[in-house]
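Peer 1:
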Amino acid sequence: MSGRIHIIASGRGKTRLKQAFFSQPFKVANITEGRNEQELTLMMMSSSPGILEKDCYDIRIEVEEGASLKLLTQGYQRIFTMAGSARQTTTVLLAEGASLTYLPHPVVPHRNADFGSINEIHLGRCHHLTWSEIITCGRKLSDEVFQFRRYHSVTNIYIGEKLVVRENLLVEPGIINPAQMGQLEGFTHQASFVCLNNKIDCKVVIARCREMLENYTGIAYGVSLLPVNGIVARVLGYKAEQLHDINKALSEVVNALTRTTVQPAL
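Per the numbering used here, the very first residue in the sequence shown carries number -15; after that it's consecutive.
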């Protein structure tokens, strides 16, 4: 199945949904709480039980100048057993002064699943981007720990025409054992969290994020500076819901500091 989503958010101050095109199996719902809420909150929903063989999804998100969008998902993204593969392409365009927060649920690849995604993100000079991703080992209770064939996710982030961040996550359990040294080393789930904001003090953000992460048990984590004004966090654990909660908590830390700790724009 080929599915498409095209979202355009616009407005200074209060953000509104300017356009929302979607085809089967997708639907986009406005779940913004309160009429006076400045940020637009949307949820991407799907009538499909998950990603099936030969599925090809195309998602395009545009946030116009001064607008602010939070994008959520309906639930865990299951990638079903397949003989072939499935693919997804996501394009994000943030205009000057635009903000996007993307907090999807964890991905659960089933036995023999093969999935690839490419995320192309273009930012204006003045920007705020929060982008996260969680991959699990599969269905533990069905004895499918790292039984999928391949999961490959590439995220390219540009400021203007310059590529500033590239995330390249490739997991092929049949070729490299995820449990070995230099890989997940016994952990079964991984969360990635990236934030770029040209006005925040990243050293303060990193300190607050580490302070927050110290309150969790059963995880390993690291928070580092990016080559541009931003941070990246990696969290390893055993529970998908816990990592999803952690990514939401990291987003809340960043958003709070965005309002209080600023430095001159690049």
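Ideal Cβ positions, reconstructed from N, Cα and C, are used throughout, including at glycine.
Which residues does DSSP list as the beta-bridge partners of ASN140?
Peer 2: By 1-based counting over the sequence shown, the position of residue 140 is 156. Answer by DSSP bridge pairing, in chain order: GLU104, ARG150.
Peer 1: Is it true that the segment 112 to 132 meets the segment 141 to 158, where meeting means three or more beta-carbon pairs spaced less than 8 Å apart?
Peer 2: Touching, yes.
Peer 1: For THR172, is the classification buried or exposed, using 16 other Cβ atoms within 10 angstroms of its Cβ as the cut-off for buried?
Peer 2: For the purposes of this step, residue 172 is identified with residue 188 of the sequence shown, where counting begins at 1. Buried, by the Cβ-count rule.
Peer 1: Please tell me whether, using a cut-off of 6 Å, the distance from the CB of ILE230 to the nearest non-hydrogen atom of the ligand NAD is below it.
Peer 2: In terms of ligand content, the structure shown is empty, and the ligand NAD therefore cannot be addressed.
Peer 1: Can you tell which of TYR135, PHE5, GLN22 has the C-alpha that lies nearest to the C-alpha of ALA51?
Peer 2: Locating residue 51 in the sequence shown gives position 67, where the first residue counts as 1. Nearest option by C-alpha distance: GLN22.
Peer 1: Does the structure place the segment 69 to 80 close enough to the segment 24 to 41 that three or more beta carbon pairs sit under 8 Å?
Peer 2: A contact exists between the segment 24 to 41 and the segment 69 to 80.
Peer 1: CA-CA distance, SER235 and LEU55?
Peer 2: On the sequence shown, position 251 is the one that residue 235 refers to. On the sequence shown, position 71 is the one that residue 55 refers to. Answer to the nearest angstrom: the Cα atoms are 12 Å apart.
Peer 1: If you measure between the beta carbons of VAL189 and LEU241, is that distance less than 7 Å?
Peer 2: Within the sequence shown, residue 189 is the residue found at index 205, counting from 1. Within the sequence shown, residue 241 is the residue found at index 257, counting from 1. It is a contact, given that the beta carbons lie within the stated cut-off.
Peer 1: Would you list, in sequence order, the uninterrupted beta strand (DSSP E) runs of no fewer than 3 residues that lie entirely inside the segment 46 to 123?
Peer 2: Segments of the beta strand (DSSP E) lying fully in the segment 46 to 123: 52 to 57, 61 to 63, 70 to 78, 82 to 87, 91 to 93, 98 to 107, 111 to 119.
Peer 1: For PHE10, which residues does DSSP report across the bridge?
Peer 2: Here residue 10 is taken as the residue at index 26 of the sequence shown, counted from 1. Per DSSP, SER30.
Peer 1: Answer yes or no: do HIS89 and THR120 have a C-beta to C-beta separation smaller than 7 Å?
Peer 2: As a working mapping, residue 89 is identified with position 105 in the sequence shown. As a working mapping, residue 120 is identified with position 136 in the sequence shown. Taking 7 Å as the Cβ cut-off, HIS89 and THR120 do not qualify as a contacting pair.
Peer 1: Among ARG62, LEU78, VAL148, whose alpha-carbon lies nearest the alpha-carbon of VAL216?
Peer 2: Translated into the one-based positions of the sequence shown, residue 216 becomes position 232. Minimum Cα distance to VAL216 is reached at VAL148.
Peer 1: Give me the Cα-Cα distance between ASP127 and GLN226, rounded to the nearest whole angstrom.
Peer 2: Within the sequence shown, the letter at position 143 stands for residue 127. Within the sequence shown, the letter at position 242 stands for residue 226. Their Cα atoms are separated by approximately 21 Å.
Peer 1: Would you report the Cα separation of LEU154 and GLU198, rounded to the nearest angstrom?
Peer 2: Along the sequence shown, read from residue 1 onward, the residue named residue 154 stands at position 170. Along the sequence shown, read from residue 1 onward, the residue named residue 198 stands at position 214. Going from the Cα of LEU154 to the Cα of GLU198 covers about 28 Å.
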